[in-house]
Amino acid sequence: MPILSDMIDLFSPLELGPYALPNRIFMAPLTRCRARPDGVPVPMMATYYQQRATAGLILSEATCIAPEAVGYPNVPGLWSDAQVTGWRPVTDAVHAAGGRIFAQLWHVGRVSHPCYQPNGALPVAPSAIACPGKTHTPSGDQPRPVPRALETDEVPAIIEQYRRAAANALSAGFDGVELHGANGYLPDQFLRSATNQRTDRYGGSIENRARFHLDATRALIAVCGAERVGVKLSPSGVFNGMSDADPIATFSYVIRELNKLGIAFLHVTEAMESDIKHGATNFPVATFRPLFDRVLITNAGFSFEKAQRYLSEGAADAVAFGVLFIANPDLPRRFREDAPLNQPDPTTFYSSGAHGYIDYPALSSNP
Ligand SMILES: Cc1cc2nc3c(=O)[nH]c(=O)nc-3n(C[C@H](O)[C@H](O)[C@H](O)COP(=O)(O)O)c2cc1C
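Count the sequence shown with this note's numbering and you get residues 6 to 372, in order.
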């Protein structure tokens, strides 16, 4: 159970499922596009994650559950044996350094492009509504086509892909899995009314729109146990053309249901700066605190001070840091010592190679 107390801070230990975490400074899931084109992790990724193993918990970069789930170049997967084998040195390296790592499981749905799809097919989605913006493809940015709406009887096969990917994650040595239920990707496309105009059991009422999310979560639980499963949600997010007719009702429902499933954590991002610029309303994580009994992680734009305030107020139990962890492999130590932070270089976030990936310096061991 989360502890509401002004004694709690980022350095307080935390129980998450079966794991005793040494701190509440989590590494947010961060796509870095360094895997092989076939989604197999490369050895450099073991170095990258090991450098960051002092995080209370690492959430891996989004990792595709199937070839149809892919929508970005050089992102890793967890559907093939070669990918499972490629992840093993990564999870081993994190464990050898005393850390823990959950795999974030991803299906981008309509955010993809035929160039990523088997046989150049259209990407699939709840409804045939195009995602605004462009997809990064190896031949430059391309507008996204109108996706193909999934038939009702196709949905269980995608849920099965989540289940298999979760089983593969455990085989690859991950400590658990996080459903990427946020940021306008497939589960979020089902959940929110702007992208779901279905009239079958996966559309219409909030209960029906939440069904995909909850079925996917149940599939992960069937493999990993609820104590090794978490879900990420972005109620304030407008990225990838998202909106909802009644966000508080929609997200309160899905959070209550996730709570009943007994998952180990819920990861709720607040509005990102880019969301606010695009007119988003921020729903503070505290709005949802009363609805979820176990570990509540929050994220997006947190400084050390803001994170400490949220924890001391009991608004959340842990904070996931994204950009700060890209640039500062030893972020917990820097926070503890009030040391200066390295500046991130956004031009290398999605580039290739070691630069901007594994060459951010840690503090020297004898300051
Ligand atoms: C380079 C980059 C890659 C990201 N990739 C993912 C991802 O794979 N999965 C995900 O859920 N969020 C992803 N995000 C969002 C982050 O997890 C996080 O929500 C965001 O960076 C805001 O947190 P921060 O201000 O601490 O960076 C990404 C963000 C960045 C900057």
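Virtual Cβ for every residue (Gly too), placed ideally from N, Cα, C. Values in this document were obtained by computation on a predicted structure and should not be read as measured data.
1) Expressed to the nearest angstrom, what Euclidean distance is found between the alpha-carbon atoms of Val-182 and Leu-83?
2) What does DSSP give as the partner residues of Ser-252 in its beta bridges?
3) Is the region 63-73 touching the region 147-158, taking contact as three or more C-beta pairs under 8 Å?
4) Return the chain-ordered ranges of every alpha helix (DSSP H) run that is complete within the region 254-323 and spans a minimum of 4 residues.
5) Would you kindly report the start and end of the unbroken alpha helix (DSSP H) that includes Gly-91?
6) Below 8 Å on the Cβ atoms is my contact criterion, and I expect Glu-275 with Val-290 to pass it. Report the Cβ-Cβ distance as a whole number of Å.
7) Beta carbon of Ala-221, beta carbon of Arg-93: below 8 Å?
8) Where does Thr-90 land, buried or exposed, given buried means 16+ other C-beta within 10 angstroms?
9) My output table needs one value for His-141: the three-state DSSP class, helix, strand or coil.
10) Take Gly-234 and list the residues in its own chain whose beta-carbon comes closer than 7 Å to its own, dropping the five residues that flank it on each side.
11) Between which two residues does the alpha helix (DSSP H) holding Leu-373 run?
12) For ligand 1, is there a heavy atom less than 7 Å away from the beta-carbon of Met-277?
13) Note down, in chain order, each residue of its chain lying with its Cβ closer than 7 Å to the Cβ of Phe-217, except the 5 sequence neighbours on either side.
14) Determine the burial state of Ser-239: buried for a count of at least 16 other Cβ atoms within 10 Å of its Cβ, exposed for fewer.
15) Would you list the one or two residues that DSSP bridges to Ile-106?
16) Quick check on the DSSP output: the beta strand (DSSP E) that includes His-185 runs from which residue to which?
17) Is Glu-156 helix, strand or coil when you go by DSSP?
18) If we count Cβ pairs, one from each stretch, closer than 8 Å, do we get three or more for the region 34-42 versus the region 335-348?
19) Hey, is Glu-66 close to ligand 1, as in C-beta under 7 Å from one of its heavy atoms?
20) So, helix, strand or coil for Gln-56, using DSSP?
21) Just verifying my parser: in three-state terms, what is the DSSP assignment at Gly-114?
22) With three or more beta-carbon pairs closer than 8 Å as the criterion, would you say the region 70-86 touches the region 123-134?
23) Hey, how far is the Cα of Ala-87 from the Cα of Gly-44?
24) Could you spell out where the beta strand (DSSP E) holding Ala-332 opens and where it closes?
25) DSSP three-state label for Asp-193, please.
26) Ligand 1 and Val-328: does the residue's C-beta get closer than 7 Å to at least one heavy atom of that ligand?
Working from what's here:
1) Numbered from its first residue, the sequence shown carries residue 182 at position 177. Numbered from its first residue, the sequence shown carries residue 83 at position 78. Cα-Cα distance, rounded: 11 Å.
2) The residue you call residue 252 lines up with position 247 of the sequence shown. Inspection of the sequence shows that residue 252 is occupied by Pro rather than by Ser. Pro-252 pairs with nothing; no bridge assigned.
3) Touching, no.
4) 278-282, 309-318
5) The residue given as residue 91 occupies position 86 in the sequence shown. Unbroken alpha helix (DSSP H) run through Gly-91: 86-101.
6) As a first step, residue 275 must be located in the sequence shown, where it is residue number 270. As a first step, residue 290 must be located in the sequence shown, where it is residue number 285. At roughly 6 Å, the Cβ-Cβ gap stays under 8 Å, so Glu-275 and Val-290 are in contact.
7) Here residue 221 refers to the residue found at position 216 of the sequence shown. Here residue 93 refers to the residue found at position 88 of the sequence shown. For Ala-221 and Arg-93, no; Cβs fall outside 8 Å.
8) To locate residue 90, count along the sequence shown from 1; it is residue 85. That one is exposed.
9) On the sequence shown, position 136 is the one that residue 141 refers to. Residue state, collapsed to three classes: strand.
10) Within the sequence shown, residue 234 is the residue found at index 229, counting from 1. In the sequence on display, residue 234 carries Val and not Gly. So the qualifying residues of the chain are Gly-181, Val-182, Thr-222, Leu-225, Ile-226, Ile-268, Ala-269.
11) There is no way to answer for residue 373, as the model of the chain reaches only from 6 to 372.
12) Your numbering for residue 277 matches position 272 in the sequence shown. Yes - ligand 1 has a heavy atom lying nearer than 7 Å to the Cβ of Met-277.
13) What you label residue 217 is simply residue 212 of the sequence shown in a count that begins at 1. The residues are Val-160, Pro-192, Phe-195, Tyr-207.
14) In the sequence shown, residue 239 corresponds to position 234, counting from 1. It counts as buried.
15) For the purposes of this step, residue 106 is taken as residue 101 along the sequence shown, with counting starting at 1. DSSP, once it has assigned bridges, lists Ile-63 as partnering Ile-106.
16) In the sequence shown, residue 185 corresponds to position 180, counting from 1. Its beta strand (DSSP E) spans residues 181-185.
17) On the sequence shown, position 151 is the one that residue 156 refers to. Reduced to three states, the DSSP call for Glu-156 is coil.
18) Because the criterion of three Cβ pairs below 8 Å is not met, the region 34-42 and the region 335-348 do not touch.
19) For the purposes of this step, residue 66 is taken as residue 61 along the sequence shown, with counting starting at 1. Checking every heavy atom of ligand 1 against the Cβ of Glu-66, one is found closer than 7 Å.
20) The residue labelled residue 56 in the question sits at position 51 within the sequence shown. Three-state result, Gln-56: helix.
21) The sequence position of residue 114 within the sequence shown is 109, counting from 1. Gly-114 falls in the helix class under three-state DSSP.
22) yes
23) As a position in the sequence shown, residue 87 is number 82, starting the count at 1. As a position in the sequence shown, residue 44 is number 39, starting the count at 1. Computed Cα separation, rounded: 9 Å.
24) The residue given as residue 332 occupies position 327 in the sequence shown. No beta strand (DSSP E) holds Ala-332; the alpha helix (DSSP H) holding it covers 328-332.
25) Start at 1 with the first residue of the sequence shown, and residue 193 comes out as number 188. Of the three classes helix, strand and coil, the one that applies to Asp-193 here is helix, per DSSP.
26) On the sequence shown, position 323 is the one that residue 328 refers to. Yes, the Cβ of Val-328 comes within 7 Å of a heavy atom of ligand 1.
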